[in-house]
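Written out below as structure tokens is the structure these notes cover.
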Amino acid sequence: MRHVRSAGLVCSVVLAAIGLSACSLTSTNDVSGSGGKAATATSAKDLGGMDALVAAAKKEGKLNAIALPRDWANYGEIIDTFEKKYGIKVDVENPDGSSQDEITAVTSRKGQERSPDVIDVGSAFAISAAQQNLLAPYRVSAFDQIPKTQKDAQARWYNDFGGYVSIGCDAARVKKCPETFGDLLDPQYKGQVALTGNPAKSASAFGAVYAAALANKGSFDDVKPGLDFFGRLKKSGNFNPVESSAATIQKGETPISITWDFLNAGYADQLRAKGVDWKVSVPADGLYAQYYSQAVVKWAPHPAAARLWQEFLYSSEGQNLWLKGYARPALMPSMQKAGTLDATFAAKLPKVPGNATVSFPTEAQIGKAKQAVAQGWSQAVTG
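Letter by letter, the sequence shown follows residues -22 to -1, 1 to 361 in mature numbering (1 follows the signal peptide of the UniProt record, and there is no 0).
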């Protein structure tokens, strides 16, 4: 998905919608024996506990998700495991959509059975969705274990998994793979450097611009140097406008791709059997990490399934499945302390330069940067 999406880290995901009618949601909101309605539940306790939540979700039998590619952070296995565990069908609409596509689907389908139940979007998009009153407060059982800086105080969203901006490279097609943003300006990379979408819509591409800013004397308060960098990349002829994916990499259309390290690492596994030697580097000159964020849609047509999905994702099982997909789960610190983190998967994470520590932009800084990128991206790469 997500060729549009964004450790401590930050990132995002999209939801799906199915169905056709714009009927009322009351038929799916009643929870038998729960003493309340799933649509207004702010915790499993409100429904009578996890057993009651599971029963209600099974009765609904379906979850509308959007923009969840199966090869994105191991979502394929995560979806399959949830379906098998609870007997609930997960319908994923527009799997390669962006965070903005998710928000658009939510706002345009209010009150419809086609509305997404949940979203997984870049942090900037989650903050915006909360401000637009699109999200339902829900405290998953592990809410207190999520770091304070990784969640909304009102539990409207919380970070799920994240990664570092990285540079992926086809070693068979590129004589010397670039390892820094500075390297990418070398004339030898003419027409080779791609992103996973438009930074104004894609969290992963947005992260690439933020990282480029940090690599060029910018800051969390000043993303313009990142836009200027891609302007130079375009002017030099090195920028490739093709949206990078596993398919374009295999075809040789995007031999160099800037995106999250968990995506590039996943591509390396996926494409190895197809003869592609995909190398992954986390650039030391533009070290930037972010998380994606989970949220329940306020008018989710399957409110119990939406809440059970969150409980599953924030269980040790769900968190380790993201880790298996090279993504760093939000509960990673607490799971390490509790001994529930899968050490084998953790050892395979892409290496980060030196002993660098990572800081994260504030909500205000992300909002300002998002606006600047939305206004300046087109001019940067077409001017």
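Glycine included, each C-beta is placed from N, C-alpha and C at the ideal position.
Quick caveat: nothing in here was measured; it's all calculated off a predicted structure.
(message) Within the continuous alpha helix (DSSP H) that includes Ser294, where are the two ends?
(response) Residues Ser294 to Lys302.
(request) Have a look at the DSSP bridge pairing and note the partners of Ser144. (result) Ser144 pairs with Thr237.
(request) For the region 169 to 222, list the alpha helix (DSSP H) runs that are entirely contained and at least 4 residues long, ordered along the chain. (result) Fully enclosed alpha helix (DSSP H) runs of no fewer than 4 residues occupy 181 to 192 and 202 to 214 of the region 169 to 222, in order along the chain.
(request) In angstroms with no decimal places, state the Cα-to-Cα distance between Pro339 and Lys252. (result) In a straight line, the C-alpha of Pro339 is about 38 Å away from that of Lys252.
(message) Quick check on the burial criterion: 16 or more other C-beta atoms within 10 angstroms. Buried or exposed for Gln110?
(response) By the beta-carbon neighbour count (other beta carbons within 10 angstroms, threshold 16), Gln110 is exposed.
(message) On the criterion of 16 or more Cβ atoms from any shown chain inside 10 Å, does Thr127 qualify as buried, or is it exposed?
(response) By the 10 Å Cβ count, Thr127 comes out exposed.
(message) On the CB-based measure, 16 or more other CB atoms within 10 Å of its CB, does Met310 come out buried or exposed?
(response) Buried, by the Cβ-count rule.
(request) Give me the Cα-Cα distance between Asp98 and Tyr270, rounded to the nearest whole angstrom. (result) Cα to Cα, the separation comes out at about 6 Å.
(request) Can you give me the Cβ contacts of Gly354 inside the same chain, cut-off strictly under 6 Å, excluding the 5 residues immediately before and after it? (result) Excluding the 5 residues flanking it on each side, Gly354 has same chain C-beta neighbours closer than 6 Å at Leu205, in chain order.
(request) Thinking Ile66 and Gly27 are a contact (beta carbons under 8 Å), I'd like their distance in whole angstroms, please. (result) Ile66 to Gly27, Cβ: 18 Å. No contact.
(message) Could you compute how far the alpha carbon of Ser119 sits from the alpha carbon of Thr82?
(response) For Ser119 and Thr82, the distance between alpha carbons rounds to 29 Å.
(message) By the three-class DSSP mapping on this structure, what secondary structure does Tyr92 have?
(response) The sequence shown places Arg at residue 92, not Tyr. Arg92 falls in the coil class under three-state DSSP.
(message) By DSSP's criteria, Trp256 is part of a beta bridge. Which residues make up the other side?
(response) Answer by DSSP bridge pairing, in chain order: Asp148.
(message) Relative to the C-alpha of Phe208, which candidate in Ala33, Lys23 and Ser356 has its C-alpha closest?
(response) Answer by Cα proximity: Ser356.
(request) Find out if the Cβ-Cβ distance for the pair Ala273, Asp95 is shorter than 7 Å. (result) Against a cut-off of 7 Å, the Cβ pair of Asp95 and Ala273 comes out as no contact.
(message) Quick check on this structure: which residue in Pro261, Glu61, Ala45 and Asp49 has the alpha carbon closest to the alpha carbon of Ala283?
(response) Nearest of Pro261, Glu61, Ala45 and Asp49 to Ala283, Cα basis: Glu61.
(message) On the DSSP letters alone, give me the boundaries of the beta strand (DSSP E) that Lys67 sits inside.
(response) Where Lys67 is concerned, the enclosing beta strand (DSSP E) stretches over Lys67 to Glu71.
(message) Can you look up Leu41 in the DSSP assignment and give me helix, strand or coil?
(response) Of the three classes helix, strand and coil, the one that applies to Leu41 here is strand, per DSSP.
(request) Using the Cα positions of Lys195 and Val201, report the straight-line distance between them to the nearest angstrom. (result) About 10 Å.
(request) Answer with buried or exposed for Ser(-17), where buried requires no fewer than 16 other C-beta atoms within 10 angstroms of its C-beta. (result) The predicted position of Ser(-17) is uncertain, since its pLDDT is 37 and thus under 50; a value taken from the coordinates is nonetheless stated next. Around the beta carbon of Ser(-17), a 10 Å sphere encloses 16 or more other beta carbons of the protein chains shown; the residue is thus reported as buried.
(message) Comparing C-alpha positions only, which one of Leu41, Ala43 and Ala16 sits nearest to Ala30?
(response) Looking at the Cα atoms, Ala16 is the closest of the given residues.
(request) Alpha carbon to alpha carbon, how far is Tyr245 from Trp50? Give it in angstroms, no decimals. (result) Roughly 9 Å between the two C-alpha positions.
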